[in-house]
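Below is one structure, written out as structure tokens; comments come after it.
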């Protein structure tokens, strides 16, 4: 084996050229092993340029298959391979270990009682073993020799457990180290001809592969070459010592090798070159220039805006090719930066290619399959209860909607239908019986469909004597489609209930379900990934030599499992695997920083560097971490960073922002500070370059400015010019000419105040501003349905004026009250809310007794209740507002219900299921009652007061709570509310009543003004996630609608939105009266 170490990436490529230039171009005499496809493409391109000829290089990402093929050339090794089983496939090994855990009585796995926990533990252990193969084969070798590596008491239990599981796993099969031992025992067979003459490793690949190839090299006539960067710990650099305070343990691979170290200082005069040479030899730094920078910005978007301006500058001034530039970041931040990078590069029409490692388990088709498999089995490992939530979770998936040609409006229609039919769970009565649910509730899918069919045949509205809203659904075709899908799903899934099959058979069954219920496309990456995954499980279990007969694998193959275990195995496999997708092939390369090691670039821009080494995953079960110590995890990241610096020739820029850290103490990056301190020892003038908060800041466009303030954004320039001329920026919007006044009833007014913009566009203009489908609003119902007498009484009072009057003593006709209760009970049974086998007489008497007790308590506690007269107020007014030199009309129209009076004192009866106790709830109730008082005062001249009478149906009590005298109710507040509505609808601001109420609980009237403004501004700078918008909304908004919805466009910029002073004054005047102290 030959190991070549250098500090220059071009020397590695020259070495590849040297080793391959005499190869026969018609044979694959050299195998090159790389870590990723990016390096594979770079080597092909560079070697073709160096050799001035392009040919098909044999480049692979791992060497295991090649090791296997070479080993088979030796007769003795071939016999060994044919005789033994070598799985080498993660799913096969995990399944084998799972079954060992299930059958063997091992003391440390007694707590794993569920199949899920047992399989996940097996998966964890197999992943660790493969990690050891890659970087810590010494541990596996120690176990093979029946030894222990660790002496520490806290580590012995972990090593003992893992060693025992390793031995159990390989009792009937072999691992790659067994193959290595067999290879070592063999004598050279020079007379056997193999096509491969050289194997070249680029970088630090898997230890075990190098060990085996080192042994095979002695048997066959080929050479192994390892081309790597020199370990930066061998450089005597103070920066390295500062970054790694403790020297990490090392575990050198023990094999004979010819090692050549080829280290040279870098040539060049720029500041970046001097930093590289300083690391290697401690040489002084040269004069500052723009080749190395640390740039600080306000947020991630600003980082990217600055970066792209730097790239445009380089392209114009330095005559760079796009392929010579790379943009990188940490893997965990990559998807956060990618939308900004694409947006800014597209603005300048700059080509780019992206290597994005997506977790395809979040793709539409895979989510659809997971939801489909959820219907096979519930959390308690039995068939799902087919709840309304579960079924519509599946049907609302785009892949399923497309399969059955269901539109979004049709989906919402079907959800409303299922709600009206009171469908809860259970496909039919047999299904509910099997699940041991109460079948007396008529709330299964079959019950709901029967209710619909009966109403269609007999045109029944299920009203009886109690007034109910008519149920009438016209789109019978859609409903029949829903009935067909649900019945088909249940029958198909129920067929496989309690059955066991082999793993590959379950894969074939799931493939049939996918074909029937999920629409897979031909050229869709996620769909293709799912097909391949199904194909892999159809070939389960796999040996490395598929054409050889293996008894042990046949034994594994014969194991039959329940669907629950297959589901765990399949979903775990989907979640674990990251799938690299390369978008486009030309232009600037965008990839995470570990993917671009060993690539030659003139410029590298590293985003989000403040998080570098801030979070290191540390797993105490991973013995590699324990052996190498925590510092080795840091070393890997810092090694990759230095390799990037060494591979960059002209510019290396680090970007950082700290907007997510509210605590100033967290705004510290250890790595950034140490790099900064190290450079400042030699060059005191080196500083972090801090840029303005806005891309349109005037500082960028002054005639005399700092050299680093580069900005080529024409749009930003135009905004800056407007600001320079002291002209305020006016966001133009298309005003809508309304055909009539904006109509609001009393309850809509309260809703509108909670979120004015949403109400205006959705209710008045019928424009959807959010990506919301009704399935998100379906709540899971209790499996064991419980009906409450309080709920029934509440619905009775809402629907029956006569019963309402009976409770407050206005009507004393007991027979009529009982008849109303009976009708309600019959209706509730018919709807499936009450079991049909219930003793109706008993429940009617129970409810009537509670109503009589409520009536008695109300009369005892409120002596004036019986002398109150019903106040019938029909509020109907049109109010005109002069809003920004235009008149807006509001039409307020509503009967004010549950209102009574004694002379000029008014009482509002508020029936509640139970008393609320939180301060925000109390404040919300005060505001709602105040609005009712406003409308009464506006309509009635002789008005003295408004009192709330809270009638609690839980405690069967009545009491007065809130009282407003007419002097406390400011009539101008009606216009104040409507003006707030107009402001927020026209110039949207992220202010919601729920947020205001939270603020009211924290401040009192004495310090209201300043505190309120500060807290509102804080909310705008840090809005709740619930109010964030996303790019996915664009799919639901037509272009014409977006022009109407300036709020949609502006809302993404609320961090920078300045509050309108007039709006703040209006809000303060209205809400100050509801302020509370912290107590």
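Residue numbers (UniProt numbering): 1 to 1079.
Even glycine gets a Cβ: it sits at the ideal position worked out from N, Cα and C.
How many angstroms separate the CA atom of residue i from the CA atom of residue j?
| i | j | result |
| --- | --- | --- |
| residue 864 | residue 440 | 44 Å |
| residue 231 | residue 132 | 21 Å |
| residue 23 | residue 710 | 49 Å |
| residue 283 | residue 645 | 16 Å |
| residue 267 | residue 328 | 25 Å |
| residue 838 | residue 498 | 33 Å |
| residue 49 | residue 15 | 14 Å |
| residue 121 | residue 148 | 22 Å |
| residue 220 | residue 72 | 12 Å |
| residue 470 | residue 476 | Its pLDDT being 42, under 50, residue 470 is placed unreliably in this model, and the coordinates cannot settle the point. |
| residue 332 | residue 680 | 30 Å |
| residue 316 | residue 280 | 33 Å |
| residue 836 | residue 404 | 35 Å |
| residue 236 | residue 669 | 24 Å |
| residue 271 | residue 293 | 10 Å |
| residue 374 | residue 938 | 56 Å |
| residue 153 | residue 98 | 28 Å |
| residue 648 | residue 310 | 16 Å |
| residue 198 | residue 2 | 11 Å |
| residue 135 | residue 210 | 11 Å |
Going by the CB atoms, is the gap between residue j and residue i shorter than 8 Å?
| i | j | result |
| --- | --- | --- |
| residue 201 | residue 183 | no |
| residue 324 | residue 603 | yes |
| residue 212 | residue 67 | yes |
| residue 852 | residue 789 | no |
| residue 369 | residue 509 | no |
| residue 848 | residue 904 | no |
| residue 38 | residue 446 | no |
| residue 936 | residue 1074 | no |
| residue 285 | residue 274 | yes |
| residue 126 | residue 93 | yes |
| residue 969 | residue 930 | yes |
| residue 337 | residue 312 | no |
| residue 819 | residue 792 | no |
| residue 559 | residue 502 | yes |
| residue 867 | residue 843 | no |
| residue 30 | residue 20 | yes |
| residue 906 | residue 948 | no |
| residue 296 | residue 44 | no |
For residue i, count the other beta carbons within 10 Å of its own beta carbon; 16 or more makes it buried, fewer makes it exposed. Which is it?
| i | result |
| --- | --- |
| residue 18 | exposed |
| residue 1065 | exposed |
| residue 642 | buried |
| residue 157 | exposed |
| residue 663 | Bear in mind that the predicted position of residue 663 carries a pLDDT of just 46, short of 50, making it too unreliable to give a figure here. |
| residue 488 | exposed |
| residue 813 | exposed |
| residue 965 | exposed |
| residue 444 | buried |
| residue 180 | buried |
| residue 955 | exposed |
| residue 52 | exposed |
Quick test of your reading: residue i and residue j, contact by CB under 8 Å. State the CB separation rounded to the nearest angstrom.
| i | j | result |
| --- | --- | --- |
| residue 588 | residue 326 | 7 Å |
| residue 653 | residue 606 | 7 Å |
| residue 413 | residue 590 | Not really, about 43 Å apart at Cβ, beyond 8 Å. |
| residue 934 | residue 971 | 7 Å |
| residue 621 | residue 128 | 7 Å |
| residue 504 | residue 85 | In fact, because the Cβ distance is near 17 Å, the residues do not count as touching under 8 Å. |
| residue 57 | residue 47 | 7 Å |
task = Tell me, please, whether the stretch 21-40 touches the stretch 203-219 by the rule of three or more beta-carbon pairs shorter than 8 Å.
result = yes
request  = May I ask you to verify whether the stretch 910-929 touches the stretch 863-881, counting CB pairs closer than 8 Å and requiring at least 3?
outcome  = no
message = So, does the stretch 79-97 touch the stretch 187-197, judging by three or more C-beta pairs under 8 Å?
response = no
At least three beta-carbon pairs within less than 8 Å, the stretch 994-1004 to the stretch 952-971 = no
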